[in-house]
Amino acid sequence: SIPSGRSVWEAIGPRAINTLVLTVTSLLLLIPLSFVLGIAAALFKDRLADHLISVPTIVTVALPEFVIGTVLIVLFAVYLRWLPPVSLINDSLPLSSQSTLFILPVLTLLGTTLAQVVRMVRAVALEVLSAEYIYMVRLRGISPARVLLRHVLPNTITPTIQTIALNAAWLAGGVVVTESVFQLPGIGSALSEAVINRDMPTVLAITLIITATYVLINLVSEALILLLNPRLRVARGTT
108 SIPSGRSVWE AIGPRAINTL VLTVTSLLLL IPLSFVLGIA AALFKDRLAD HLISVPTIVT
168 VALPEFVIGT VLIVLFAVYL RWLPPVSLIN DSLPLSSQST LFILPVLTLL GTTLAQVVRM
228 VRAVALEVLS AEYIYMVRLR GISPARVLLR HVLPNTITPT IQTIALNAAW LAGGVVVTES
288 VFQLPGIGSA LSEAVINRDM PTVLAITLII TATYVLINLV SEALILLLNP RLRVARGTT
């Protein structure tokens with residue numbers, strides 16, 4: 108790092124941990140929430156529950172993260188005073204004791220990614236629910252819960268994995284704005300500072316980390332799709 112005279116890893120190492128906690132927490136919340144909300148919207152299509160889920164997703168999918176972050180700061184930090192407006196992490200304290208500092212950044216990332224995945228899950232679930240074999244299964248008297256768990260949910264996972272992977276890959280780079288809004292010391296804010304200071308070694312290192320993360324996420328998603336869909340394995344094996 109040119110300004111500090113330290114190695115790049117010494118400069119961004121602690122920040123990388125903060126970003127890892129932020130992105131992993133967001134991803135762990137994104138996956139179950141997207142399936143629960145998406146399938147619920149599909150099951151109650153054109154009813155109140157569907158509108159309560161679909162309308163906010165349509166609104167938030169068009170909003171950039173700095174707008175969502177600002178709204179959350181005004182609501183939860185300025186008006187309600189429940190959470191701190193900035194996320195100034197103290198490296199001398201364990202992250203577990205500073206968990207509240209991650210709440211607003213996590214909600215911001217969820218707001219920009221959850222909408223896309225929920226709409227994808229809803230669309231796929233509606234297609235599955237309208238399939239003829241689902242109608243035949245229901246005629247056999249199988250309970251709705253079993254139809255959901257045995258037929259609807261498994262058939263929505265594979266098509267949705269790629270969408271989740273794209274959003275997870277976006278999280279690796281989308282933290283730049285989020286961390287800057289909340290002043291969270293992560294590699295996203297470090298990248299912004301490095302660009303301003305023309306610290307090319309740090310810029311290249313962070314860019315390499317984000318690129319490697321993007322490639323890794325796509326490889327994992329492709330492996331999961333092949334693992335969950337035997338037909339693709341057979342098709343690729345015969346070509």
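Here the sequence shown is numbered in our numbering, starting from 108 and rising by one per residue. We put the beta carbon where it would ideally sit given N, CA and C, even for glycine.
C-alpha distance - residue i paired with residue j, whole-angstrom precision
i: T130; j: V213; result: 8 Å
i: L200; j: R253; result: 47 Å
i: I316; j: L256; result: 38 Å
i: A123; j: G293; result: 6 Å
i: R229; j: W277; result: 21 Å
i: L333; j: I268; result: 11 Å
i: T241; j: T265; result: The sequence shown places Ile at residue 241, rather than the Thr named in the question. About 18 Å.
i: E234; j: V181; result: 39 Å
i: A297; j: I119; result: 7 Å
i: T132; j: A147; result: 23 Å
i: D157; j: A275; result: 25 Å
i: V302; j: F173; result: 19 Å
i: R247; j: F151; result: 22 Å
i: G281; j: W116; result: 21 Å
i: N125; j: S203; result: 11 Å
i: I394; j: T320; result: Here the chain comprises residues numbered 108 to 346, so residue 394 is not present and cannot be evaluated.
i: L273; j: A238; result: 27 Å
Residue environment, residue i, which counts as buried when at least 16 other CB atoms sit within 10 Å
i: A312; result: buried
i: M243; result: exposed
i: G218; result: buried
i: M307; result: exposed
i: V154; result: This sequence places Arg at residue 154; Val is not what is there. Burial call: exposed.
i: Q223; result: buried
i: R113; result: exposed
i: T270; result: buried
i: R226; result: buried
i: I196; result: buried
i: V283; result: buried
i: L179; result: buried
8 Å contact criterion, which residue i and residue j should meet: CB distance rounded
i: L260; j: L137; result: With a Cβ gap of about 17 Å, L260 and L137 do not count as contacting.
i: T207; j: P191; result: 7 Å
i: S194; j: L291; result: 4 Å
i: A232; j: A149; result: 4 Å
i: P121; j: D198; result: 5 Å
heavy atom of the ligand NAP below 6 Å from residue i C-beta
i: V166; result: Of the ligands one can find in the structure shown there are none, so the ligand NAP has no counterpart to examine.
CA nearest to the CA of residue i, picked from the options
i: I175; options: V283, V288, L187, N197; result: V288
i: I210; options: L187, F183, L335, L236; result: F183
i: L144; options: T263, I303, E172; result: T263
i: L216; options: A272, T285, I249, S250; result: T285
C-beta neighbour in chain D for residue i, strict 7 Å
i: L129; result: Any reference to chain D falls outside this structure, which holds one protein chain only.
- Item | Every unbroken alpha helix (DSSP H) inside the stretch 135-207 [4 residues or more] | Under the rule that a run must span 4 or more residues, the alpha helix (DSSP H) segments found entirely inside the stretch 135-207 read 155-167, 172-179.
- Item | In chain order, each alpha helix (DSSP H) run of at least 4 residues that lies wholly inside the stretch 212-296 | Entirely contained in the stretch 212-296, the alpha helix (DSSP H) runs reaching 4 residues are, in chain order, 239-246, 251-254, 260-289.
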